[in-house]
Amino acid sequence: MAIKSKKKLVENIIHGVFLVLGLVTVGCVLLITVYLIVSGIPAIREIGLIDFLFGKEWASTAAEPKYGILPFILTSIYGTAGAIVIGVPIGFFTAVYLAKQAPTKFKAVMESAISLLAGIPSVVYGFVGMMVLVPGIRKVFNVPDGASLLAAIIVLAVMILPSIIKVSMTALEAVPKEYEDASLALGATPVETYFRVSVPAAKSGIATAVVLGVGRAIGEAMAVMMVSGNAANMPSLFQSVRFLTTAVSSEMAYSSGLQQQALFSIALVLFLFIMLINATLNFFLKGQKEGT
Amino acid sequence: MKNMKKLIYFVLIATLLLGALAGCAEKGGSVSTDGSTSMEKVIGALGEAFEKNNKNVTFTYNPTGSGSGIKAVLEGRCDIGLSSRSLKEAEKADGLIETVLAYDGIAIIVNPANSVADLTLEQIAEIYTGKITNWNEVGGKDEAIVLIGREAGSGTRDGFESITDTKDACQYRQELTSTGDVITTVASNPNAIGYASLASVKDSVKAISVGGVAPSEATVKDGSYAVQRPFVLVTKKDTKLSATAQKFFDYITSAAANQIITSSGVVPAK
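Residue numbers (the numbering used here), protein chains in the order written: chain A, 58 to 349; chain B, 2 to 271.
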């Protein structure tokens, strides 16, 4: 009896330890959420929600400061959309090729190259972009300066490739071979089979890949800060622009007072964007589970 | 085998903990500084020399920016704040005092390929406010001028804009977050103009003269070079520095430190 209760006690203690460790993660999320909301709301109240979200001018240290973040919001949306427009087709076709057609050895080489691409720190992307891409854009398009929305879009497009390729590949590889065999037996060519059978069967997985890409692109700060020029302009392809992320990181170091509070409010807006993307992601993941 | 592994982990963790405790118990005192990124070079050299002369003291410098440094002193998070601008009246009213350590010239830099070698302070102001947009208006090639600056709140930007009287009026093409970024960007674009701390200007860019006076230590010191600003040590009026911090403060403001300050490319105040 005594042994049994001792055993139970140990069980309970271990159970408790695991629970506490598990709660650390939840605690962190809660802490960040609460902190962002508490520190982000005051500035929005002071500036006014409409002026803050739809104001076209940002001049945080001016004698009469203006805190309009519409340029940042639009830049983040345009930048992410641009990265998706360029990155998704490349990533998608690469995934189809690797999952269905590529020879095994080539596939192995490609897969490790893609993993490597995923592991490169964002500051390195930014640095290469700054040294190669920015002067390149200036020369190719004959504009005064190459640090622009376009440069950021290209860098982001490359950065989201690994997650798009990997997740799409997993989804495509999970399509039951019987589906494809049936299609081939009916006389469809391999390419017809991939696009009419495999891809539709893996569509929720591919959608997940795209949403992951959106998440990575919208949250990236370091790399885009180094190539986008950081002036608070309304977005235009060859203009220097500032993203939601870079708006926070570029001014945080020296900020004070309402300016700092406004930066927290920008972080809050960014946080809401990410939440929205996560909700979308969950929606697709759920669809994936029910689909297969 | 399993026990062995456990033992190793235990020993590792124990060492780490002991290490941490030992860190707390260290004798000799410490001095912490926090603030202006422009002052990194000079304060780093001074800190190094101070550590060398005094055994067992630790010197830390946190490159956060002038604003953050001033805030850190006010909140007691560091001993000495570093600011690359004079204190504002409001900051002095909060009980802070400033001691000028050195003067820093802000160099106006262009790409080495640019033929323009001299601008007046008015021309620089007109370029940055967008009144002059082409290099041919100031004697250069027929190319658009690309304005490179620093982010809002930067000490260098504040210094440049207050000296040229262009506050809140600069039409920056790029707002970069460090002196190094500004130099790299100007070095890679033949039509760019930027500003950076004189101490950090490298050969990859050309520092132009202002009103006929080339930026140099001598011209900054005698005041003939117009674009310059103070490097300030910020302390609290009614809080005494720790013994070590006071020693450091006395050392860097003494004549003994002048040589180090000079070799960091800025001009000592004394």
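Where is the CB? At the ideal position from N, CA and C, for every residue including glycine. Quick caveat: nothing in here was measured; it's all calculated off a predicted structure.
_Run through chain B and tell me which residues come within less than 8 Å of residue 282 of chain A, C-beta to C-beta._
Neighbours of residue 282 of chain A on chain B, chain order: 178.
query: When the cut-off is 9 Å and only beta carbons count, does residue 67 of chain A lie next to chain B?
result: No, residue 67 of chain A does not count as interfacial toward chain B.
Item to complete: Just the chain A side, please: which residues come within less than 7 Å of residue 95 of chain B by C-beta, in chain order?
Response: Here the premise fails: no neighbours, minimum Cβ distance about 12 Å.
Item checked: Length of the line joining the Cα atoms of residue 152 of chain B and residue 308 of chain A -> About 7 Å.
Per the contact definition of three or more C-beta pairs closer than 8 Å, is the segment 197-216 of chain A in contact with the segment 289-303 of chain A?
-> A contact exists between the segment 289-303 of chain A and the segment 197-216 of chain A.
(request) Check the Cβ of residue 119 of chain A against every Cβ in chain B and list those closer than 7 Å, keeping chain order. (result) Under the 7 Å cutoff, chain B gives 169.
Checklist entry - Hey, is residue 116 of chain B's beta-carbon within less than 9 Å of any beta-carbon in chain A? => result For residue 116 of chain B, not one C-beta of chain A is nearer than 9 Å to its own C-beta.
Sequence-distant residues of the same chain with beta carbon closer than 6 Å to residue 180 of chain A, five excluded per side = Sequence-distant partners of residue 180 of chain A (beyond 5 residues in either direction) whose C-beta falls short of 6 Å from its own C-beta, in its chain, are 279.
Secondary structure of residue 104 of chain B, DSSP reduced to three states:
Strand, per DSSP.
### residue 136 of chain A: contacting residues in chain B (beta-carbon distance under 8 Å)
None at all; the shortest Cβ gap to chain B is about 16 Å.
**Asked** Which word fits residue 119 of chain A, buried or exposed, when buried means at least 16 other C-beta atoms lie within 10 angstroms of its C-beta?
**Response** When all chains shown are included, residue 119 of chain A counts as exposed.
Own chain, CB closer than 7 Å to residue 160 of chain B, minus 5 neighbours either side, in chain order: Cβ within range, chain order: 85, 86, 107 and 230.
Next on the checklist: Using a Cβ distance threshold of 8 Å, determine whether the segment 32-41 of chain B contacts the segment 65-73 of chain B, with at least three qualifying pairs required.
Outcome noted: Between the segment 32-41 of chain B and the segment 65-73 of chain B, the count of Cβ pairs shorter than 8 Å is three or higher; the stretches touch.
query: What are the start and end residues of the alpha helix (DSSP H) that includes residue 351 of chain A?
result: Here chain A comprises residues numbered 58 to 349, so residue 351 of chain A is not present and cannot be evaluated.
Assign residue 120 of chain B to one of three DSSP states: helix, strand, or coil. Residue state, collapsed to three classes: strand.
**OP:** Pull out every residue of the segment 170-198 of chain A whose Cβ sits closer than 8 Å to any Cβ of chain B, in chain order.
**Re:** Listed in sequence order: 187, 188, 191, 192 and 195.
- Task: Please decide whether residue 210 of chain B counts as near chain A, where near means a Cβ-Cβ distance under 9 Å.
- Result: With 9 Å as the cut-off, residue 210 of chain B does not count as an interface residue toward chain A.
In whole angstroms, what separates the C-alpha of residue 365 of chain A from that of residue 143 of chain B? Residue 365 of chain A cannot be examined here, being either before or after the span of chain A that is shown, 58 to 349.
Could you work out which residues of chain A lie near residue 173 of chain B, taking near to mean beta carbons separated by less than 7 Å?
Going along chain A in sequence order, the residues near residue 173 of chain B (Cβ under 7 Å) are 288.
* Every unbroken beta strand (DSSP E) within the segment 304-347 of chain A, with a cutoff of 3 residues, ordered by chain -> With a minimum length of 3 residues, no continuous beta strand (DSSP E) run stays inside the segment 304-347 of chain A.
C-beta atoms of residue 136 of chain A and residue 213 of chain A nearer than 9 Å: Cβ atoms of residue 136 of chain A and residue 213 of chain A: closer than 9 Å.
Between which residues of its own chain and residue 209 of chain B is the CB-CB distance below 7 Å, once the five residues before and five after are set aside?
The residues are 109, 111, 117, 118, 119 and 120.
- Using 9 Å as the limit for Cβ to Cβ distance, is residue 316 of chain A near chain B? By the rule that beta-carbons nearer than 9 Å mark a contact, residue 316 of chain A touches chain B.
key: Residue burial classification, residue 170 of chain A (beta-carbon count within 10 angstroms, cutoff 16)   = Burial call: exposed.
* To do: Report the rounded CA-to-CA distance for residue 83 of chain A versus residue 326 of chain A, giving the unit in angstroms.
  => Between residue 83 of chain A and residue 326 of chain A, the C-alpha separation is close to 21 Å.
Helix, strand or coil: which one does DSSP assign to residue 252 of chain A?
Here residue 252 of chain A sits in helix by DSSP.
How many angstroms separate the CA atom of residue 229 of chain A from the CA atom of residue 129 of chain A?
-> Rounded to the nearest angstrom, the two C-alpha atoms are 36 Å apart.
CB-CB under 7 Å to residue 96 of chain B, same chain, minus the five flanking residues each way: which ones, in chain order? Taken in chain order, the residues that qualify are 237, 238 and 239.
**Q.** Residue range of the unbroken alpha helix (DSSP H) whose run includes residue 83 of chain B
**A.** In the DSSP annotation of this structure, residue 83 of chain B is not part of any alpha helix (DSSP H); the continuous beta strand (DSSP E) holding it starts and ends at 81-84.
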